[in-house]
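Novice:
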Amino acid sequence: MKSIFGIFLLLLFVGALFAVSSPVIDLEKISINIPAGENEEATSTPELKEVEEEPVQDLKTEIESLKKSVKEISESVILEPTPTPPPAPPAVKSEEIYAKGLQASLNIFCYDKTEGVYIMGSGAIIHPSGYVLTNAHLATHFTEAGTECVLRRGSPAKNFANAKVVWIPDQTKKIADGEIPMNDAAILKITSMTDGSAVGNLEYFKIDPFYLIKEGERLYSLNYPTEFLGAETALRDANLVFSLGTVEKIVTIDEETSTAEGIYLKGELSAQHGSSGGIFLDLQNGNVVGLFVGLTEGATTADRKQFMFMSSYLERIMVEDKGIGLSAFLASSP
Numbered sequence: 001m002k003s004i005f006g007i008f009l010l011l012l013f014v015g016a017l018f019a020v021s022s023p024v025i026d027l028e029k030i031s032i033n034i035p036a037g038e039n040e041e042a043t044s045t046p047e048l049k050e051v052e053e054e055p056v057q058d059l060k061t062e063i064e065s066l067k068k069s070v071k072e073i074s075e076s077v078i079l080e081p082t083p084t085p086p087p088a089p090p091a092v093k094s095e096e097i098y099a100k101g102l103q104a105s106l107n108i109f110c111y112d113k114t115e116g117v118y119i120m121g122s123g124a125i126i127h128p129s130g131y132v133l134t135n136a137h138l139a140t141h142f143t144e145a146g147t148e149c150v151l152r153r154g155s156p157a158k159n160f161a162n163a164k165v166v167w168i169p170d171q172t173k174k175i176a177d178g179e180i181p182m183n184d185a186a187i188l189k190i191t192s193m194t195d196g197s198a199v200g201n202l203e204y205f206k207i208d209p210f211y212l213i214k215e216g217e218r219l220y221s222l223n224y225p226t227e228f229l230g231a232e233t234a235l236r237d238a239n240l241v242f243s244l245g246t247v248e249k250i251v252t253i254d255e256e257t258s259t260a261e262g263i264y265l266k267g268e269l270s271a272q273h274g275s276s277g278g279i280f281l282d283l284q285n286g287n288v289v290g291l292f293v294g295l296t297e298g299a300t301t302a303d304r305k306q307f308m309f310m311s312s313y314l315e316r317i318m319v320e321d322k323g324i325g326l327s328a329f330l331a332s333s334p
């Protein structure tokens, strides 16, 4: 604003100079030459000759100086361009995700000795101290008498660690009067390694409790689907499946329609039983943004839809149950 006011004052000054410095034509000092023999019409446009030319040169010098000053002031008020924001960091590479998955994605393998059946699912380490995110309907088997459970990892999966339950929220309420609990999430804690070594710090996937998922977004998934494998094959050759899915629909699972808790994804290879408890990751940072909960029926994986809880909903379940968020809960060493 000050610069614009300065320009205005300079323009007033230029006008004043024009008024003061313009040469005054003194008629007494002008000679009119009328050639002899020419008529009056010829004398109506006499040739005027100014006696003093020096003031004109001084005025030109002043004007040029003022023009230069105005230009300098004008240039000084030009706003600098808005700096370009730094580019977003490059997206994590898929091969890096898979390599981490071989260390931090888990196959949950339980054997019910009473019924003589195998129970299989998935999970993922979400803290270097060995906390594992999975479904509550899988974690409950770790508390059942007569059922033995072990965590496996790798591809094919091999025995890796033993674990205990540290968090299972209330499982009473179901989604739309169905079989899936509204709080079908749980956290296990690795207690020992099956090879007798110390637990130590473990590879893990960071969970992002504030990530906002959009329809049409693509997400990575890591899990151990075993539906199309026989029991013996699943025991011997359960492989980690790393796939890419597309968000088809965002839904609410409770009476509060202003918030969304669940996601339906288009069916792909991981749309099988055994994938429950697996994780979904965002493509940019490779953080956990969802938990595999269930799937719709269909003859093939392409005919099915996967259903997951958003990480923001997992955070809400924890806050409502414990009064603190996921990060604070894990930091409390439960």
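Reminder that position 253 of the sequence shown reads as 253 in UniProt numbering, one-by-one numbering, no gaps. Ideal placement from N, C-alpha and C gives every residue a C-beta, glycine not left out.
In the DSSP output, what is residue 305 paired with across the bridge?
Specialist: 266
Novice: Exposed or buried, residue 343, counting other C-beta atoms within 10 Å across all chains shown (16 or more means buried)?
Specialist: What is shown of the chain runs 1 to 334, which leaves residue 343 out entirely.
Novice: Expressed to the nearest angstrom, what Euclidean distance is found between the alpha-carbon atoms of residue 159 and residue 151?
Specialist: If you take the alpha carbons of residue 159 and residue 151, they lie about 6 Å apart.
Novice: Measuring straight from C-alpha to C-alpha, what distance separates residue 230 and residue 248?
Specialist: 31 Å
Novice: Less than 8 Å between C-beta atoms, sequence neighbours within five positions excluded: which residues of the same chain meet that for residue 96?
Specialist: 286
Novice: Please name the residue, chosen from 188, 145, 155 and 146, that lies closest to residue 165 on a Cα-to-Cα basis.
Specialist: 188
Novice: Tell me whether residue 39 sits in a helix, a strand or coil according to DSSP, three-state version.
Specialist: Because residue 39 carries a pLDDT of 43, less than 50, the predicted location of this residue cannot be relied on, and no value is offered for it.
Novice: Beta-carbon within less than 8 Å of residue 251's beta-carbon, same chain only, minus the 5 sequence neighbours each way: which residues are those?
Specialist: 260, 261, 262, 263 and 264
Novice: Can you grab the Cα-Cα spacing for the pair residue 331 / residue 315, in whole Å?
Specialist: 14 Å
Novice: For residue 328, collect the residues of the same chain with a Cβ closer than 8 Å to its Cβ; drop the 5 residues on either side in sequence, then sort them by chain order.
Specialist: none
Novice: Please report the straight-line C-alpha distance between residue 210 and residue 311, rounded to a whole angstrom.
Specialist: 7 Å
Novice: Less than 8 Å separating the Cβ of residue 175 from some heavy atom of the ligand HEM?
Specialist: Of the ligands one can find in the structure shown there are none, so the ligand HEM has no counterpart to examine.
Novice: What first and last residue would you give for the alpha helix (DSSP H) that runs through residue 127?
Specialist: Taken as a continuous stretch (DSSP letters only), residue 127 belongs to no alpha helix (DSSP H), being part of the beta strand (DSSP E) at 117-127.
Novice: For the putative contact between residue 204 and residue 141, defined by C-beta atoms under 8 Å, what is the C-beta separation to the nearest angstrom?
Specialist: With 8 Å as the limit, residue 204 and residue 141 do not qualify as a contact, their Cβ atoms being about 23 Å apart.
Novice: Under DSSP, the beta strand (DSSP E) around residue 160 begins and ends at which residues?
Specialist: 158-167
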